[in-house]
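In this note's numbering, the protein residues as written are 45 to 277.
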């Protein structure tokens, strides 16, 4: 299986959008695949789920997942780490609000948000994606520590927040996930020993990007998505 750097993922995303695919469409698929991963991992519908949401597209993926998981009967709450969501994430926040899914702001209601993290059976890390560069400051470092200290099982979107997608190097704080749902392609970070310990079981999800676009990254690089989700490690 081919592993992509952050720059290659940026190129693949750009090619997908230029071809006519929409970011919102791919976010919808990312959310649907998270619900499929819950079934694959045999997570019971009685599980309490806390989705920790960043301001960018990774956060939008998490908000998309909130809807699919709530529709599947799970008890879902979303926690916003930053009120300044980008346009795509804001769209999914509106849909989540329309469904009546509880949304907390970590900055406005830290105690309640921290309690939700501690009490969750499943934590979805949708804070940072492959674009992360540099150090992580508060409140994000504090949130990552809370997640790592919580007893629930953590599933990371794309890669654990705090990791460099290319090198696998950890910023000051990194999510330690039990499983990771990578999007479109696994990242080169997953081949490093440090990242492997933090990513848990790694799966990759199909976002509907056609083979000819993958071939512009590397011929034959598209994973064999027979069921939409492929286990990497």
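Ideal Cβ positions, reconstructed from N, Cα and C, are used throughout, including at glycine.
query                                                                                                                             : result
Meets three-Cβ-pair contact criterion under 8 Å: the region 96-113 and the region 57-73                                           : yes
Residue 112 burial status per 10 Å Cβ neighbour count (16 or more: buried)                                                        : buried
Beta strand (DSSP E) runs wholly inside the region 110-154, at least 3 long, in chain order                                       : 119-124, 147-149
Check whether residue 307 and residue 168 have beta carbons under 8 Å apart                                                       : The structure shown does not extend to residue 307, since the chain is modelled only from 45 through 277, so no value can be given for it.
Residue of 204, 177, 164, 123 minimising C-alpha distance to residue 194                                                          : 164
CB of residue 208 within 8 Å of CB of residue 176, strictly                                                                       : yes
Classification of residue 174 by the beta-carbon crowding that lies within 10 angstroms, buried from 16 upward                    : buried
Between the CA atoms of residue 188 and residue 115 - distance to the nearest angstrom                                            : 27 Å
Length-filtered (3 minimum) beta strand (DSSP E) runs lying within the region 179-255                                             : 197-201, 223-227, 245-249
Assigned secondary structure, residue 171 (DSSP; H/G/I helix, E/B strand, else coil)                                              : coil
Terminal residues of the beta strand (DSSP E) in which residue 94 lies                                                            : 92-97
Given residue 47 as reference, the closest of 172, 230, 244, 56 once Cα atoms are compared                                        : 230
Those residues which DSSP pairs with residue 274 across a bridge                                                                  : 248
N- and C-terminal bounds of the alpha helix (DSSP H) containing residue 78                                                        : 67-84
Chain-order list of residues whose beta-carbon lies under 8 Å from that of residue 171 (same chain, five-residue window excluded) : 96, 97, 98, 102, 103, 125, 184, 187, 188, 205, 219
Option nearest residue 158 by Cα separation, candidates 87, 212, 123, 261                                                         : 123
Residue 75 versus residue 146 - alpha carbon distance                                                                             : 17 Å
Residues that DSSP places opposite residue 48 in a beta bridge                                                                    : 231
Proximity to residue 55 [Cα-Cα], best of 223, 258, 266, 276                                                                       : 258
Cutoff 8 Å; reference residue 203; Cβ partners in own chain excluding five residues on either side                                : 173, 174, 209, 224, 226, 231, 233, 234, 239, 243
For residue 166 and residue 197, believed in contact at Cβ under 8 Å, the rounded distance                                        : 5 Å
Straight-line Cα distance separating residue 255 from residue 266                                                                 : 6 Å
Proximity below 8 Å, CB of residue 137 to CB of residue 118                                                                       : no
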